[in-house]
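Peer 1:
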Amino acid sequence: MSKEKEAVKSFVLRVDPETMDALERWAADEFRSINGQLQWIINDALRRAGRKAGASK
Numbered sequence: 014m015s016k017e018k019e020a021v022k023s024f025v026l027r028v029d030p031e032t033m034d035a036l037e038r039w040a041a042d043e044f045r046s047i048n049g050q051l052q053w054i055i056n057d058a059l060r061r062a063g064r065k066a067g068a069s070k
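Reading the sequence shown from the start, the letters are residues 14 to 70 in my numbering.
(1) Can you grab the Cα-Cα spacing for the pair Glu37 / Arg27, in whole Å?
(2) Is the Cβ-Cβ distance between Ala40 and Gln52 less than 7 Å?
(3) Helix, strand or coil for Glu31? Go by DSSP, reduced to three states.
(4) What does a CB cutoff of less than 7 Å around Ile47 pick up in its chain, not counting 5 residues either side in sequence?
(5) Taking C-beta to C-beta, are Gly67 and Arg61 nearer than 7 Å?
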């Protein structure tokens, strides 16, 4: 197992059905899993906020 995979942490997230439906559609549109889509959304938000390396503020 790679170091990156070992460092991944899991957590439970509760979302309302409307939000989940929107996430499922968005993920399908971009050929990602729901988990992959959420990771992309979070990483993008962190970069935009200047809170992650590679920030383009």
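Built from N, CA and C at the ideal position, the CB exists for glycine as well. Bear in mind that the values here come from a model prediction, so they are computed numbers and not experimental data.
Peer 2: Straight from the coordinates:
(1) Here the question's residue 37 lines up with position 24 in the sequence shown. Here the question's residue 27 lines up with position 14 in the sequence shown. Approximately 14 Å, taken between the alpha carbons.
(2) As a first step, residue 40 is located in the sequence shown; it is residue number 27 there, counting from the start. As a first step, residue 52 is located in the sequence shown; it is residue number 39 there, counting from the start. Against a cut-off of 7 Å, the Cβ pair of Gln52 and Ala40 comes out as no contact.
(3) Counted from its first residue, the sequence shown places residue 31 at position 18. Of the three classes helix, strand and coil, the one that applies to Glu31 here is helix, per DSSP.
(4) Position 34 of the sequence shown, counted from the start, is the residue given in the question as residue 47. Here the set comprises Leu36, Glu37, Ala40.
(5) By one-based count along the sequence shown, residue 67 stands at place 54. By one-based count along the sequence shown, residue 61 stands at place 48. Against a cut-off of 7 Å, the Cβ pair of Arg61 and Gly67 comes out as no contact.
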